[in-house]
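Enquirer: Chains as they are written, first to last, in our numbering: chain A, 312 to 511; chain B, 312 to 511; chain C, 312 to 511; chain D, 312 to 511. Quick one: the structure is below, questions incoming.
Protein chains: 4
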Amino acid sequence: MKATRIQSFSDGVFAILITLLVLEFKLPEYQQGGLAQAVLAQWPTMLAYVVTYAYVGILWLFHHDLFDRVTRVTPRLNVLNLSSLFLTTLLSYSMSLLAKSLSAPDVPDVRFAVCAYDALALSISLSYLFIYRYLSRTSCLSASSGPSSGYSDRMRRYPPVSIGLYASSFVAAFASVYVSLAFLAAGIAYHGYAYWRSSD
Amino acid sequence: MKATRIQSFSDGVFAILITLLVLEFKLPEYQQGGLAQAVLAQWPTMLAYVVTYAYVGILWLFHHDLFDRVTRVTPRLNVLNLSSLFLTTLLSYSMSLLAKSLSAPDVPDVRFAVCAYDALALSISLSYLFIYRYLSRTSCLSASSGPSSGYSDRMRRYPPVSIGLYASSFVAAFASVYVSLAFLAAGIAYHGYAYWRSSD
Amino acid sequence: MKATRIQSFSDGVFAILITLLVLEFKLPEYQQGGLAQAVLAQWPTMLAYVVTYAYVGILWLFHHDLFDRVTRVTPRLNVLNLSSLFLTTLLSYSMSLLAKSLSAPDVPDVRFAVCAYDALALSISLSYLFIYRYLSRTSCLSASSGPSSGYSDRMRRYPPVSIGLYASSFVAAFASVYVSLAFLAAGIAYHGYAYWRSSD
Amino acid sequence: MKATRIQSFSDGVFAILITLLVLEFKLPEYQQGGLAQAVLAQWPTMLAYVVTYAYVGILWLFHHDLFDRVTRVTPRLNVLNLSSLFLTTLLSYSMSLLAKSLSAPDVPDVRFAVCAYDALALSISLSYLFIYRYLSRTSCLSASSGPSSGYSDRMRRYPPVSIGLYASSFVAAFASVYVSLAFLAAGIAYHGYAYWRSSD
Numbered sequence: 312m313k314a315t316r317i318q319s320f321s322d323g324v325f326a327i328l329i330t331l332l333v334l335e336f337k338l339p340e341y342q343q344g345g346l347a348q349a350v351l352a353q354w355p356t357m358l359a360y361v362v363t364y365a366y367v368g369i370l371w372l373f374h375h376d377l378f379d380r381v382t383r384v385t386p387r388l389n390v391l392n393l394s395s396l397f398l399t400t401l402l403s404y405s406m407s408l409l410a411k412s413l414s415a416p417d418v419p420d421v422r423f424a425v426c427a428y429d430a431l432a433l434s435i436s437l438s439y440l441f442i443y444r445y446l447s448r449t450s451c452l453s454a455s456s457g458p459s460s461g462y463s464d465r466m467r468r469y470p471p472v473s474i475g476l477y478a479s480s481f482v483a484a485f486a487s488v489y490v491s492l493a494f495l496a497a498g499i500a501y502h503g504y505a506y507w508r509s510s511d
Numbered sequence: 312m313k314a315t316r317i318q319s320f321s322d323g324v325f326a327i328l329i330t331l332l333v334l335e336f337k338l339p340e341y342q343q344g345g346l347a348q349a350v351l352a353q354w355p356t357m358l359a360y361v362v363t364y365a366y367v368g369i370l371w372l373f374h375h376d377l378f379d380r381v382t383r384v385t386p387r388l389n390v391l392n393l394s395s396l397f398l399t400t401l402l403s404y405s406m407s408l409l410a411k412s413l414s415a416p417d418v419p420d421v422r423f424a425v426c427a428y429d430a431l432a433l434s435i436s437l438s439y440l441f442i443y444r445y446l447s448r449t450s451c452l453s454a455s456s457g458p459s460s461g462y463s464d465r466m467r468r469y470p471p472v473s474i475g476l477y478a479s480s481f482v483a484a485f486a487s488v489y490v491s492l493a494f495l496a497a498g499i500a501y502h503g504y505a506y507w508r509s510s511d
Numbered sequence: 312m313k314a315t316r317i318q319s320f321s322d323g324v325f326a327i328l329i330t331l332l333v334l335e336f337k338l339p340e341y342q343q344g345g346l347a348q349a350v351l352a353q354w355p356t357m358l359a360y361v362v363t364y365a366y367v368g369i370l371w372l373f374h375h376d377l378f379d380r381v382t383r384v385t386p387r388l389n390v391l392n393l394s395s396l397f398l399t400t401l402l403s404y405s406m407s408l409l410a411k412s413l414s415a416p417d418v419p420d421v422r423f424a425v426c427a428y429d430a431l432a433l434s435i436s437l438s439y440l441f442i443y444r445y446l447s448r449t450s451c452l453s454a455s456s457g458p459s460s461g462y463s464d465r466m467r468r469y470p471p472v473s474i475g476l477y478a479s480s481f482v483a484a485f486a487s488v489y490v491s492l493a494f495l496a497a498g499i500a501y502h503g504y505a506y507w508r509s510s511d
Numbered sequence: 312m313k314a315t316r317i318q319s320f321s322d323g324v325f326a327i328l329i330t331l332l333v334l335e336f337k338l339p340e341y342q343q344g345g346l347a348q349a350v351l352a353q354w355p356t357m358l359a360y361v362v363t364y365a366y367v368g369i370l371w372l373f374h375h376d377l378f379d380r381v382t383r384v385t386p387r388l389n390v391l392n393l394s395s396l397f398l399t400t401l402l403s404y405s406m407s408l409l410a411k412s413l414s415a416p417d418v419p420d421v422r423f424a425v426c427a428y429d430a431l432a433l434s435i436s437l438s439y440l441f442i443y444r445y446l447s448r449t450s451c452l453s454a455s456s457g458p459s460s461g462y463s464d465r466m467r468r469y470p471p472v473s474i475g476l477y478a479s480s481f482v483a484a485f486a487s488v489y490v491s492l493a494f495l496a497a498g499i500a501y502h503g504y505a506y507w508r509s510s511d
């Protein structure tokens with residue numbers, strides 16, 4: 312398989328997923344004359360949608376930059392990549408979970424939803440760590456992106472930070488769901504910052 | 312990232328969104344023998360679908376023409392483009408809002424739905440203005456489309472007009488929802504006219 | 312716009328639509344122990360799905376063959392093509408209409424659903440006729456596919472036949488919905504036959 | 312039609328299908344405070360989703376490898392391929408069937424759902440056998456993948472094994488649904504093993 316193929320398949324999955332997310336943002340039930348209030352009461356869904364859209368968008372940019380440097384595709388890389396994409400598709404589920412729990416706020420429910428989102432985000436970061444390690448161990452990366460390049464230095468440094476933020480969010484959920492949500496948002500924002508830096 | 316990549320990802324999002332819109336056009340509940348009436352009573356949904364399909368189609372043509380002239384992709388351009396696509400995906404929500412409010416017409420509900428659509432359309436026009444400005448300021452456009460070209464002249468002239476039409480629709484909604492809907496339709500039609508002219 | 316772009320956007324819409332159709336094929340409600348009967352009772356949905364999938368698949372093959380011969384893309388061609396794709400996306404709605412009316416058979420309801428499907432199929436055939444005429448009038452077709460080629464001869468001959476079959480189905484619906492369904496199936500089968508011949 | 316076109320259309324269908332599967336994984340109804348239990352009670356859906364995602368992913372890899380070796384596309388190949396993709400899209404339905412029957416376990420219902428999944432998997436394996444046979448009989452494969460190559464040897468050997476496993480699952484369902492599910496999982500796992508070997 313050529314490297315362009317795995318990339319265009321993955322790009323397709325990202326494009327579809329990012330567009331499908333909006334389908335989870337459904338019209339509310341409302342009393343005649345009460346459409347405005349019903350829509351405004353959906354702010355948790357809107358918030359979860361904005362955050363998840365940004366997250367998937369950044370993952371796409373990261374994925375794209377990484378696979379642009381791939382020179383050889385092996386069966387194992389396909390399996391690693393499909394597993395990573397699988398975890399990414401689950402974001403539409405954990406987004407809905409978070410939105411629903413926030414719209415009828417009950418502390419144990421919100422805690423569960425945030426922890427589920429954290430666990431998923433943490434797994435996605437791990438999947439990129441595994442992909443990156445496999446690529447550098449098997450010399451599937453282009454010469455200029457090899458183990459001693461600036462790109463590789465950054466790729467090794469970023470996942471531990473985001474994993475740390477998601478793990479903190481998971482633990483914090485048992486003390487305060489607000490602190491937990493802040494750590495989750497920080498993890499996603501960190502991806503954005505890391506992409507901004509890494510693509511200089 | 313190569314310019315062709317951001318374009319094919321965006322094309323994918325447009326193709327998916329334009330096809331997903333039809334999923335909002337659901338079968339009505341009906342009494343046996345009353346299918347025809349039930350379907351015909353769905354005209355507001357059909358109308359909102361036709362208008363929104365046309366709108367997304369024209370946005371795709373505009374986006375495509377613009378990114379065909381892009382010679383360099385920066386992280387900031389990716390962020391601007393993903394933000395613009397995010398607003399565009401929200402059209403499926405505001406389409407449903409408009410369709411639902413028109414099928415059980417209550418003036419405050421229709422007004423809210425039209426204003427939501429206007430605010431979204433206005434934001435989309437603004438996002439193109441920001442993208443265009445960024446591209447011309449950073450010389451990311453091909454030479455023949457640069458700041459002093461006929462293309463750029465047109466690109467600078469169009470967004471203010473459509474923004475004006477959507478703002479008028481927003482304001483008019485507080486006087487008459489019919490006038491407001493007419494301004495909204497005029498804004499979308501203007502995009503079609505502008506595309507037709509700009510691609511000569 | 313390059314010809315490959317309009318083709319790959321259209322291919323995307325076809326691929327998405329053909330895959331989305333299956334979403335209309337939903338699990339039935341059932342009593343515990345009665346799953347088999349409930350699923351088998353869904354044969355009208357399965358039938359409508361098979362027929363519509365085949366129809367969209369053939370339309371894609373036709374569209375693809377036609378746009379492979381296009382050498383120049385104009386704004387008007389984009390508008391004609393987006394209109395044709397719009398009608399094609401509506402097939403998922405008329406498929407559901409047909410499936411639902413057949414599962415609780417009431418003659419006026421089935422007649423309405425078949426006539427709606429006919430009207431849509433007829434409009435799609437007309438849209439290809441318009442596209443073909445525009446292409447040959449404006450010399451947007453490659454030399455070997457021009458007005459006097461064997462390809463063009465066939466393209467001129469096919470739409471009138473399929474339009475005739477769909478019109479017959481429409482009229483026949485007022486006498487017998489079975490005869491009407493047979494004409495509709497014949498129209499779709501004719502597309503398959505025509506594609507088979509035209510791509511020799 | 313060029314070979315790259317049928318491949319990119321098929322890749323599109325696979326990418327869309329694999330992403331749409333997650334839409335079947337819907338939020339559960341739950342009592343306030345009971346979100347965690349409600350989500351954990353969805354394990355059959357999660358299981359069916361994981362298995363089906365893996366299955367579609369492996370089918371994509373197989374399909375991709377096969378069509379990479381295709382040098383000529385005929386109308387008959389298009390029809391065979393569209394038929395195979397049709398069967399593949401049905402996996403989203405049989406996945407839901409399996410998930411739903413497992414969440415309210417009733418032996419006849421689960422048996423029906425497993426047998427439906429088996430019948431579909433068996434048909435998909437058959438469709439690849441037909442495609443492979445057609446390709447080798449008509450010399451549409453590249454020289455290095457021809458009838459006497461190692462690739463062809465493997466392609467001839469694999470489908471009978473998977474067909475045997477799915478047939479065993481079908482028969483076993485009448486004795487024990489657990490044994491039947493094990494055979495089904497073995498069939499899908501065998502595809503993974505076969506891909507791993509064939510792409511060496």
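All C-beta atoms, glycine included, are put in the ideal place defined by N, C-alpha and C. As the structure is a prediction and not an experimental result, all values here were calculated from the model.
1) Does the Cβ of residue 415 (chain A) have 16 or more other Cβ atoms within 10 Å, making it buried, or fewer, making it exposed?
2) Just how far apart, CA to CA, sit residue 366 (chain D) and residue 499 (chain D)?
3) What residues of chain C sit near residue 445 (chain D), judged by a beta carbon separation below 8 Å?
4) Inspect the beta-carbon positions of residue 364 (chain A) and residue 329 (chain A) and report whether they are closer than 8 Å.
5) Using C-beta distances below 7 Å, list every residue in its chain close to residue 427 (chain B), excluding the 5 sequence neighbours before and after it, in chain order.
6) From the DSSP output, read off the bridge partner residues of residue 381 (chain A).
7) State the start and end residues of the unbroken alpha helix (DSSP H) segment that holds residue 582 (chain A).
8) Of the choices C:441, C:391, C:422, C:357, whose alpha-carbon is the least far from that of residue 401 (chain D)?
9) If residue 403 (chain D) and residue 331 (chain D) are in contact, beta carbons under 8 Å, what's the gap, nearest whole angstrom?
10) Ignoring anything shorter than 4 residues or poking outside the region 352-403 of chain B, list the alpha helix (DSSP H) runs there in chain order.
11) Can you tell which of C:433, C:351, C:413 has the C-alpha that lies nearest to the C-alpha of residue 424 (chain C)?
12) Which term fits residue 484 (chain B), buried or exposed, when burial requires 16 or more other beta carbons within 10 angstroms of its beta carbon?
13) What in chain C is Cβ-close to residue 344 (chain B), meaning under 8 Å?
14) If contacts are defined as beta-carbon pairs under 8 Å, then residue 486 (chain B) and residue 381 (chain B) qualify, I think. What distance do you get, rounded to the angstrom?
15) Quick one: does residue 381 (chain B) have its CB under 8 Å from some CB of chain C?
16) Would DSSP call residue 485 (chain B) helix, strand or coil?
17) Mind checking residue 399 (chain C): buried by the 16 CB within 10 Å criterion, or exposed?
18) Which chain D residues are close to residue 347 (chain C), counting only those with a beta carbon under 8 Å from its beta carbon?
19) Rounded to the nearest angstrom, what separates residue 350 (chain D) and residue 482 (chain A) at their Cα positions?
20) Can you tell which of B:473, B:368, B:395 has the C-alpha that lies nearest to the C-alpha of residue 317 (chain C)?
21) Name, going along the chain, the residues of the region 387-419 of chain B whose beta-carbon falls closer than 7 Å to a beta-carbon of chain A.
22) Have a look at residue 488 (chain C) and residue 454 (chain C) and give me their C-alpha separation to the nearest angstrom.
23) If the cut-off is 7 Å on Cβ atoms, which residues from the region 455-478 of chain D count as contacting chain A, listed in chain order?
24) In angstroms with no decimal places, state the Cα-to-Cα distance between residue 370 (chain A) and residue 376 (chain A).
25) Among C:354, C:374, C:422, which residue has its Cα nearest to the Cα of residue 502 (chain C)?
26) Whole angstroms is fine: what's the gap from residue 458 (chain A)'s alpha carbon to residue 464 (chain A)'s?
27) Can you say whether residue 323 (chain A) is buried or exposed, counting buried as having 16 or more other CB atoms within 10 angstroms of its CB?
28) Kindly list, in the order they appear in chain B, the residues whose Cβ is closer than 8 Å to that of residue 485 (chain C).
29) List the residues of chain A that residue 364 (chain D) touches, going by C-beta distances under 7 Å, in chain order.
30) Pop quiz: residue 378 (chain D) and residue 321 (chain D) are said to be a contact at Cβ under 8 Å. What is the actual Cβ separation, rounded to whole angstroms?
31) Can you check whether the CB of residue 388 (chain C) is closer than 8 Å to the CB of residue 445 (chain C)?
32) What do you reckon, are the CB atoms on residue 438 (chain A) and residue 395 (chain A) nearer than 8 Å?
33) When we look at the beta-carbon of residue 360 (chain B) and count the other beta-carbons within 10 Å, is it buried (16 or more) or exposed?
34) Kindly list, in the order they appear in chain C, the residues whose Cβ is closer than 7 Å to that of residue 552 (chain B).
35) On the premise that residue 372 (chain B) lies in contact with residue 506 (chain B), defined as a C-beta separation below 8 Å, what is that separation, rounded to the nearest angstrom?
36) Here's a check: name, in chain order, each residue in its chain whose Cβ is nearer than 6 Å to the Cβ of residue 497 (chain A), leaving out the five neighbours to either side.
Expert: In short:
1) The Cβ neighbour count for residue 415 (chain A), taken over all protein chains shown within 10 Å, is under 16; the residue is labelled exposed.
2) Those two C-alpha atoms are separated by around 6 Å.
3) Going along chain C, no residue has its Cβ under 8 Å from residue 445 (chain D), so there is no contact; the nearest lies around 15 Å.
4) Residue 364 (chain A) is a Cβ neighbour of residue 329 (chain A), given a cutoff of 8 Å.
5) 405, 408
6) A:452
7) A query on residue 582 (chain A) cannot be resolved here, the shown segment of chain A reaching from 312 to 511 and no further.
8) C:357
9) 6 Å
10) 354-378, 386-400
11) C:413
12) buried
13) 417, 419, 420
14) In fact, because the Cβ distance is near 42 Å, the residues do not count as touching under 8 Å.
15) Closer than 8 Å: no.
16) In the structure shown, residue 485 (chain B) falls within a coil segment according to DSSP collapsed to helix, strand and coil.
17) buried
18) 419, 420, 423
19) 20 Å
20) B:368
21) 389, 393, 397, 400, 401, 403, 404, 407, 408, 411, 412, 415, 417, 419
22) Taking the straight line from one Cα to the other gives about 45 Å.
23) none
24) Using only the alpha carbons, I get a separation of about 10 Å.
25) C:374
26) 8 Å
27) buried
28) Here the premise fails: no neighbours, minimum Cβ distance about 13 Å.
29) 397
30) 7 Å
31) yes
32) yes
33) buried
34) Absent from the model: residue 552 (chain B). The displayed extent of chain B is 312 to 511, so no value can be given.
35) That pair is a contact at about 5 Å.
36) By the criterion of a C-beta distance shorter than 6 Å, residue 497 (chain A) is surrounded in its chain by 476, once the five residues flanking it on both sides are discounted.
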